[in-house]
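Mapped onto the numbering used here, the consecutive letters of the sequence shown carry residue numbers 10 to 527. This report concerns only the one structure given below.
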Amino acid sequence: MTEETWSVDNSRLVYGVNRNDLHFLDITDEGELCIQIRNQRITFNEIITKIKLMKGEAPGYAASFTLRVPQLITYQVKKLKAAFEKAINETQYAGKFIGIYPVKVNQRKDCVTAVMRSDPDYGLEAGSKAELFLIKRVLESEKHRHIVCNGAKDPEYLNLINECIDEGYNIAISVESPHEAQLIVEMFDPSKTNLVLRIKPYLKVEGHWSHSTGRDSKFGLSIHDLNRVIDLLDETGFVGSVQTILAHAGSQITEISAFKNFGSLMTKIYSELRDRGLSNLKNIDFGGGLAIDYISARPPDLMYQYARLLIEGVKSQLEKESDGYPSPNIMIESGRGLTALASMIIVEALEVRSIFPESSGKLVSETTLEDEEKLMKKIREAVTLSEIAEIWNDFHTIYSGMTLAGLDFILEQELITGKLETAVRKRLVELDLKSYENEGLVRSFWRPEHIVIGNFSVFNSIADHVLVKQHFPVIPIKDLHVRPETTVRLADISCDSDGEIAQFYRRSTEKNWFTMDN
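Rendered as structure tokens:
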């Protein structure tokens with residue numbers, strides 16, 4: 010593909026914008042990245058100009074900043090509710106949808122209030138005493154909203170929960186261990202208490218946090234602890250206080266079909282617990298797990314599929330039960346799925362560093378010059394990948410381990426290496442890369458040869474990239490109407506070795522597209 014035939018449509022595909030979860034991003038005819046919401050459009054360059062005018066002289070101002078768009082939170086909250094309502098109507102499911110936002114995902118006031126303004130009945134989840142303090146203040150005039158209190162609970166946390174109940178807040182307390190159950194029966198009045206049994210889901214699904222589920226999870230009651238807790242609640246008159254069972258299958262779950270099995274499993278547990286005397290059980294809380302499609306490769310109706318599969322799993326299992334139990338309400342604690350899109354990091358590029366010397370540099374040694382000419386000739390004449398691999402290996406055999414020859418030799422070695430990599434890429438393009446594009450050696454020739462230093466911190470901004478190799482889209486804000494010059498690694502200004510983004514998600518097209526430097 011030549012530079013002249015490149016268009017903004019090519020860039021839309023390469024960067025995944027204007028579709029799926031990145032539907033709110035688009036590219037102008039002039040190649041500028043923009044945000045488009047409700048038929049209103051503003052480019053990122055316009056946003057940066059406005060910020061500079063407002064904050065440019067303020068103390069502590071940095072050219073890199075976080076852009077927050079609460080309208081996207083509203084969009085996601087309404088989209089999730091609509092997806093479940095559609096699935097409920099289509100399947101004629103008798104239960105209702107109850108949305109819960111876990112404030113641990115983003116505790117900022119502008120985020121939490123955006124969720125609340127989006128739906129008058131949306132609830133909140135606290136995972137600690139500090140989070141409950143926050144929720145208590147936020148919901149002071151809206152005490153009807155559901156509050157689910159998760160996390161390990163010491164007497165101080167439980168005392169705060171008790172205070173909130175006495176003040177009229179609508180609180181459900183998750184029981185996550187026999188120790189917590191003992192504290193609860195000692196400190197609470199069963200007639201005023203709404204309990205949630207948090208259970209370990211004995212299944213594994215694919216996702217970035219799949220290791221935190223199943224038997225080895227630190228969260229929830231193991232099967233033997235569940236039996237102990239139910240016996241204790243029965244003995245102390247708290248069985249009637251249990252209204253909900255809860256389990257988390259994971260976060261950023263990529264195996265979407267697994268939600269149907271998850272729905273069936275939790276419904277089976279729901280039915281069996283009602284058989285054991287938990288007659289007030291009426292809700293199943295499926296926790297989080299809804300993935301954000303950062304790579305724009307999943308179906309555009311991912312939210313609806315998620316809702317439909319869960320409800321189908323619940324409904325099919327209910328139909329197998331002979332006791333005719335009521336359809337449980339479906340509670341969802343989606344966090345990232347609601348708020349992730351509303352936060353973007355605008356990174357100022359400070360400089361560009363090259364891995365190799367400029368290709369225009371001249372070789373000093375006549376011997377090295379001869380070696381380069383011979384290798385270049387062999388590359389031009391090669392017709393198979395194996396030939397190219399042999400040439401490349403011969404080159405490294407000759408030059409590896411010779412760095413003690415001095416600085417001039419290292420410079421020449423780097424210069425010829427850069428030139429050879431460029432020549433190999435060009436030859437592979439001529440030979441039709443499509444036939445062996447998945448070969449590891451071939452991919453290595455397209456690793457970025459430039460590093461852009463950005464004024465930001467990966468750990469502060471997108472820690473999940475380092476912790477679980479979560480892909481985050483990185484998109485230039487201008488010149489998207491022309492073919493990219495090259496690929497780069499985006500490195501931050503910290504001293505952390507992991508402080509960079511080098512992963513590039515390649516999308517499938519009928520033809521291979523290349524940067525200007527191939």
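We put the beta carbon where it would ideally sit given N, CA and C, even for glycine.
Tell me whether residue i is buried or exposed, calling it buried when 16 or more other Cβ atoms sit within 10 Å of its Cβ.
{"i": "Phe20", "result": "The sequence given here has Ser at residue 20, not Phe. Classification for Ser20: buried."}
{"i": "His405", "result": "exposed"}
{"i": "Ala190", "result": "buried"}
{"i": "Gly104", "result": "buried"}
{"i": "Phe142", "result": "exposed"}
{"i": "Pro337", "result": "buried"}
{"i": "Asn203", "result": "buried"}
{"i": "Gly344", "result": "buried"}
{"i": "Ile351", "result": "The amino acid occupying residue 351 in the given sequence is Ala; Ile does not appear at that position. Answer is buried; the Cβ neighbour count reaches 16."}
{"i": "Gln422", "result": "buried"}
{"i": "Gly333", "result": "exposed"}
{"i": "Arg452", "result": "exposed"}
{"i": "Lys162", "result": "buried"}
{"i": "Ala71", "result": "exposed"}
{"i": "Leu235", "result": "buried"}
{"i": "Ser288", "result": "exposed"}
{"i": "Ser305", "result": "buried"}
{"i": "Asp501", "result": "buried"}
{"i": "Val476", "result": "First, the residue type needs correcting, since residue 476 is Leu and not Val in the sequence shown. It is exposed - the Cβ of Leu476 has fewer than 16 other Cβ atoms within 10 Å."}
{"i": "Gln512", "result": "exposed"}
{"i": "Ala67", "result": "exposed"}
{"i": "Pro122", "result": "The sequence shown places Thr at residue 122, rather than the Pro named in the question. Result: exposed."}
Going straight from the alpha carbon of residue i to that of residue j, what length do you get?
{"i": "Ser325", "j": "Trp522", "result": "46 Å"}
{"i": "Tyr110", "j": "Ala472", "result": "21 Å"}
{"i": "Phe247", "j": "Val194", "result": "7 Å"}
{"i": "Leu378", "j": "Gly508", "result": "37 Å"}
{"i": "Pro493", "j": "Glu39", "result": "15 Å"}
{"i": "Arg50", "j": "Cys43", "result": "7 Å"}
{"i": "Ser266", "j": "Ile97", "result": "18 Å"}
{"i": "Phe197", "j": "Gly136", "result": "19 Å"}
{"i": "Thr100", "j": "Gly249", "result": "30 Å"}
{"i": "Asn48", "j": "Arg456", "result": "39 Å"}
{"i": "Arg237", "j": "Lys227", "result": "18 Å"}
{"i": "Asp417", "j": "Glu381", "result": "16 Å"}
{"i": "Gln314", "j": "Asp35", "result": "25 Å"}
{"i": "Ser273", "j": "Ile208", "result": "14 Å"}
{"i": "Leu384", "j": "Leu429", "result": "8 Å"}
{"i": "Leu318", "j": "Asn270", "result": "9 Å"}
{"i": "Phe295", "j": "Val205", "result": "12 Å"}
{"i": "Glu367", "j": "Phe468", "result": "32 Å"}
{"i": "Lys393", "j": "Lys387", "result": "One point to set straight first is that residue 393 is Thr, not Lys, in the sequence displayed. So the alpha carbons of these two residues sit roughly 12 Å apart."}
{"i": "Arg285", "j": "Ile254", "result": "14 Å"}
{"i": "Trp218", "j": "Glu41", "result": "With a pLDDT of 49 at Trp218, under the threshold of 50, the modelled position of this residue cannot be trusted; read the value that follows with caution. So the two alpha carbons sit approximately 35 Å from each other."}
{"i": "Thr263", "j": "Glu390", "result": "45 Å"}
{"i": "Pro532", "j": "Ser186", "result": "The chain is shown only over 10 to 527; residue 532 falls outside these bounds and no answer can be derived."}
{"i": "Asp243", "j": "Tyr84", "result": "44 Å"}
{"i": "Lys291", "j": "Ile341", "result": "14 Å"}
{"i": "Cys120", "j": "Gly108", "result": "15 Å"}
{"i": "Phe481", "j": "Tyr303", "result": "6 Å"}
{"i": "Asn171", "j": "Ala258", "result": "29 Å"}
{"i": "Leu321", "j": "Leu89", "result": "A quick correction: the sequence has Glu, not Leu, at residue 321. Roughly 17 Å separates the two Cα atoms."}
In terms of DSSP beta bridges, what is residue i paired with?
{"i": "Arg389", "result": "Arg389 pairs with nothing; no bridge assigned."}
{"i": "Asn292", "result": "Thr253, Asn338"}
{"i": "Met353", "result": "Leu76"}
{"i": "His459", "result": "Ser363"}
{"i": "Ala123", "result": "None, per the DSSP bridge assignment."}
{"i": "Cys158", "result": "Ala135, Ile182"}
{"i": "Val205", "result": "Ser183, Thr253"}
{"i": "Glu509", "result": "Ala500"}
{"i": "Asp35", "result": "Cys43"}
{"i": "Leu8", "result": "Since the first and last residues shown for the chain are 10 and 527, residue 8 lies out of range."}
{"i": "Ala358", "result": "Gly463"}
8 Å is my cut-off, CB to CB: does residue i come that close to chain E?
{"i": "Arg307", "result": "The structure shown contains no chain E; it is built from a single protein chain."}
When you measure from the CB of residue i to every non-hydrogen atom of the ligand SAM, does any distance come out below 7 Å?
{"i": "Met385", "result": "This structure lacks the ligand SAM, and indeed carries no ligand of any kind."}
At least 3 beta-carbon pairs within less than 8 Å: the stretch 179 to 189 vs the stretch 148 to 166: yes
Whole alpha helix (DSSP H) elements within the stretch 44 to 110, 4-residue minimum: 53 to 64, 79 to 100
Cβ pair count under 8 Å reaching 3, the stretch 351 to 360 against the stretch 390 to 399: no
Runs of alpha helix (DSSP H) lying entirely within the stretch 260 to 338, each at least 4 residues, in chain order: 267 to 284, 311 to 329
contact_flag[the stretch 273 to 285, the stretch 296 to 315] where n(CB pairs < 8 Å) is 3 or more: no
Continuous beta strand (DSSP E) assignments of at least 3 residues falling wholly in the stretch 172 to 202: 179 to 184
Three or more C-beta pairs below 8 Å linking the stretch 21 to 30 and the stretch 457 to 470: no
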